[in-house]
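Chemist: Here the protein sequences come in this chain order: U and Y. Read in order, the letters of the first sequence are residues 5 to 117 in this note's numbering. Read in order, the letters of the second sequence are residues 19 to 132 in this note's numbering. A single structure is presented below for examination.
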Amino acid sequence: DAKTTQPTSMDCAEGRAANLPCNHSTISGNEYVYWYRQIHSQGPQYIIHGLKNNETNEMASLIITEDRKSSTLILPHATLRDTAVYYCIVRSYYGGSQGNLIFGKGTKLSVKP
Amino acid sequence: DTEVTQTPKHLVMGMTNKKSLKCEQHMGHRAMYWYKQKAKKPPELMFVYSYEKLSINESVPSRFSPECPNSSLLNLHLHALQPEDSALYLCASSPFINFYNEQFFGPGTRLTVL
């Protein structure tokens, strides 16, 4: 079962920041937070991951709370092409089945003009 | 080349047919994955191959038969499927099995079983 809780859907105005929350209150010390997104009728796409420090790349920023029980994915300037389902996934950095990607229901982000 | 390709894009088959889905990557990845995604549901892991050997089988029915003939190619052989097996079948690859790796997904094969 997925170890994360996300809102079912969110709207964001084009050009504004999109902040997608994720709760993972049972996360353990050897687990990372990963974010993937899936644009309609395409395969999932990796966005970013982190352990406990905040992370930033060319796509997004990831803010993880100090107790690691929740995180927020930030798309700084959302565009219409960012409309997708966003999956927050908690995943062990050990190998084998502990490292499987277990997708939850995700958040459907709709970016509106 | 950072792409995972899947063929065919769409497939319609009857319950008595035998068909195969193909997945290919040329990134030198040694782990490859099959996922199944039903409409409006998240992807679910089916199989994981590591160094061309089946490493994880998530209790998938035997009518789905995976095969990894070499490090770049992954097949999913389908036989005697049911209409409820209609779904998007996604292939993914990563440098090594699961450990700390992002997975690169293909666009999927949309399968309809009549």
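All C-beta atoms in this analysis are idealised placements derived from N, C-alpha and C, irrespective of residue type, glycine included. All values reported here derive from a predicted model rather than from experimental measurement.
With DSSP as the reference, label U:Asp71 as helix, strand or coil.
Modeler: In the structure shown, U:Asp71 sits in coil (DSSP, three-state: anything other than H, G, I, E or B).
Chemist: Which bits of chain Y does U:Gln46 rub up against, with CB to CB less than 9 Å?
Modeler: Residues of chain Y passing the Cβ test: Phe123, Pro125, Gly126.
Chemist: Give the straight-line distance between the Cα atoms of Y:Asn35 and Y:Glu102, rounded to the nearest whole angstrom.
Modeler: 15 Å
Chemist: Quick one, which of Y:Lys59, Y:Val22, Y:Met33 has its alpha-carbon nearest Y:His82's?
Modeler: According to the sequence shown, residue 82 of chain Y is Phe rather than His. Nearest option by C-alpha distance: Y:Met33.
Chemist: What is the DSSP secondary structure of Y:Pro87, counted as helix, strand or coil?
Modeler: In the structure shown, Y:Pro87 adopts extended strand secondary structure according to DSSP, grouped into three states.
Chemist: Between the Cα of Y:Cys109 and the Cα atoms of Y:Val131, Y:Leu91, Y:Gly46, which residue gives the shortest distance?
Modeler: Y:Leu91
Chemist: Can you pull the chain U residues whose beta carbon is under 7 Å from the beta carbon of Y:Pro60, in chain order?
Modeler: Tyr91, Phe107, Gly108, Lys109, Gly110
Chemist: Going along the chain, which residues of its own chain have a beta-carbon closer than 6 Å to the beta-carbon of U:Ser65, five neighbours each way excluded?
Modeler: Ile78
Chemist: On the premise that Y:Leu94 lies in contact with Y:Gly126, defined as a C-beta separation below 8 Å, what is that separation, rounded to the nearest angstrom?
Modeler: 12 Å between Cβ atoms; not a contact.
Chemist: Check whether the Cβ atoms of Y:Gln55 and Y:Gly124 lie closer than 7 Å to each other.
Modeler: no
Chemist: What residues in its chain sit with their C-beta under 8 Å from that of Y:Met31, if we drop five residues either side in the sequence?
Modeler: Lys37, Leu96, Leu99, Leu129, Thr130, Val131, Leu132
Chemist: Please work out which residues of its chain come closer than 6 Å, Cβ to Cβ, to Y:Ser112, disregarding the five sequence neighbours upstream and downstream, and give them in chain order.
Modeler: Result list for Y:Ser112: His47, Ala49, Asn119, Gln121, in chain order.
Chemist: Between U:Glu70 and the ligand ADP, is the CB less than 6 Å from at least one heavy atom?
Modeler: What this structure holds is no ligand at all, so the ligand ADP is not there to describe.
Chemist: Measure how close the beta-carbons of U:Val115 and U:Cys16 come, nearest whole angstrom, since I'm counting them as under 8 Å.
Modeler: 5 Å
Chemist: Does any C-beta atom of chain Y lie closer than 7 Å to the C-beta of U:Asn23?
Modeler: no
Chemist: Where do the N-terminal and C-terminal ends of the beta strand (DSSP E) with Y:Thr25 fall, by residue?
Modeler: 22-25
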